[in-house]
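With our numbering, you'll find the sequence shown wraps up at 257, consecutive numbering, no jumps. Written out below as structure tokens is the structure these notes cover.
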Amino acid sequence: MKHYLRNLTAKERNEATDRHLAFYLTFVAGAANAGGFMAVHQYTSHMSGIVSAIADNIVLGNIALVLAGLAALFSFVAGAATSAILINWGRRLELQAEYALPLLFEGLLLICFAASGIFFHLRESLAVSTTVMLLCFIMGLQNAIITKLSGARIRTTHVTGLVTDAGIELGKLIYWNRDSARSSRLHVRADRRKLRLLTSLIGLFLVGGVCGALLFNNLGVSAALFLAAPLMLIAALPVIEDVQSALNR
Numbered sequence: 009m010k011h012y013l014r015n016l017t018a019k020e021r022n023e024a025t026d027r028h029l030a031f032y033l034t035f036v037a038g039a040a041n042a043g044g045f046m047a048v049h050q051y052t053s054h055m056s057g058i059v060s061a062i063a064d065n066i067v068l069g070n071i072a073l074v075l076a077g078l079a080a081l082f083s084f085v086a087g088a089a090t091s092a093i094l095i096n097w098g099r100r101l102e103l104q105a106e107y108a109l110p111l112l113f114e115g116l117l118l119i120c121f122a123a124s125g126i127f128f129h130l131r132e133s134l135a136v137s138t139t140v141m142l143l144c145f146i147m148g149l150q151n152a153i154i155t156k157l158s159g160a161r162i163r164t165t166h167v168t169g170l171v172t173d174a175g176i177e178l179g180k181l182i183y184w185n186r187d188s189a190r191s192s193r194l195h196v197r198a199d200r201r202k203l204r205l206l207t208s209l210i211g212l213f214l215v216g217g218v219c220g221a222l223l224f225n226n227l228g229v230s231a232a233l234f235l236a237a238p239l240m241l242i243a244a245l246p247v248i249e250d251v252q253s254a255l256n257r
């Protein structure tokens with residue numbers, strides 16, 4: 009089990025480890041997105057809705073909401089940028105924790121999210137805005153992690169892209185190759201393995217959303233601890249290796 013968990017965030021990647029890590033991160037993204045909605049009544053995993061809301065509020069003259077939307081958008085971008093910085097820094101130092109560092113950071117941020125509930129009664133509007141920014145940062149951070157380690161083949165928070173790609177493969181699957189031979193360049197072939205991966209990710213985002221909604225509805229934002237703990241466990245193993253290696257030099 010330890011070997012399996014260690015390989016999930018190892019710098020040496022293969023298709024299986026990318027896929028298994030993506031499964032867990034997609035579940036976490038779905039849970040955090042749904043849980044965030046239960047906490048602050050806003051979804052934070054997709055920027056399409058946020059950018060559209062910014063446009064609407066510009067037209068309506070709701071400057072405060074425009075600024076809130078821009079803050080959420082900037083937070084998502086900052087999260088993705090932070091992930092890239094941590095991964096490239098770890099790569100330059102040849103750390104085993106190249107991909108584990110941003111995951112460990114994500115776990116710490118989820119703990120901050122779990123602790124944010126104590127501030128809601130102090131100044132609710134400020135606490136909600138800060139929490140939205142924190143969740144957008146987490147989503148950007150996580151999406152960039154799986155994007156970089158998979159070579160942009162997999163996303164965990166961008167369900168629109170997953171559904172689009174699944175639709176493309178379904179179209180290929182049901183296409184009638186009436187006149188073309190299997191060896192012809194015109195013969196359309198569906199990538200069944202990719203289709204299975206995409207449907208699995210979509211399903212896990214949905215299941216994660218259901219679990220997140222149930223947990224956050226019953227436990228409040230402290231439910232984020234259940235998402236943070238496994239993340240920090242799998243991220244800590246390569247970090248411990250790097251620390252031990254540094255101490256032994």
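For each residue, glycine too, the CB sits at the ideal point set by N, CA and C.
Under DSSP, the alpha helix (DSSP H) around Met9 begins and ends at which residues?
Note, Met9: premise wrong, no alpha helix (DSSP H); not H, not E.
Contact the segment 26-36 vs the segment 203-212: 3+ CB pairs below 8 Å:
By the Cβ criterion, the segment 26-36 is in contact with the segment 203-212, since at least three pairs of Cβ atoms, one from each stretch, lie closer than 8 Å.
Which word fits Ala123, buried or exposed, when buried means at least 16 other C-beta atoms lie within 10 angstroms of its C-beta?
Around the beta-carbon of Ala123, fewer than 16 other beta-carbon atoms lie within 10 Å, marking it exposed.
If you pair each beta-carbon of the segment 21-31 with each one of the segment 134-151, do three or more pairs fall below 8 Å?
The segment 21-31 vs the segment 134-151: no contact.
Which of helix, strand or coil does DSSP assign to Ile154?
Reduced to three states, the DSSP call for Ile154 is helix.
Taking 9 Å as the cut-off, decide whether the C-beta atoms of Ala243 and Glu114 are in contact.
Yes, the pair counts as a contact, with Cβ atoms nearer than the cut-off.
Distance, Cα to Cα, Leu29 vs Leu16?
Their Cα atoms are separated by approximately 6 Å.
What runs of the alpha helix (DSSP H), each 4 residues or longer, lie entirely inside the segment 21-76?
Listed in chain order, the complete alpha helix (DSSP H) runs (minimum 4 residues) inside the segment 21-76 are 23-48, 55-68.
Residue nearest to Arg27 in terms of C-alpha spacing, selected from Ile153, Val85, Gly217, Leu194
Out of Ile153, Val85, Gly217, Leu194, Ile153 has the C-alpha closest to the C-alpha of Arg27.
Spatial neighbours of Met240 within its chain, please: CB distance less than 7 Å, with the 5 preceding and 5 following residues excluded, ordered by chain position.
Answer for Met240: Leu112, Gly115, listed in chain order.
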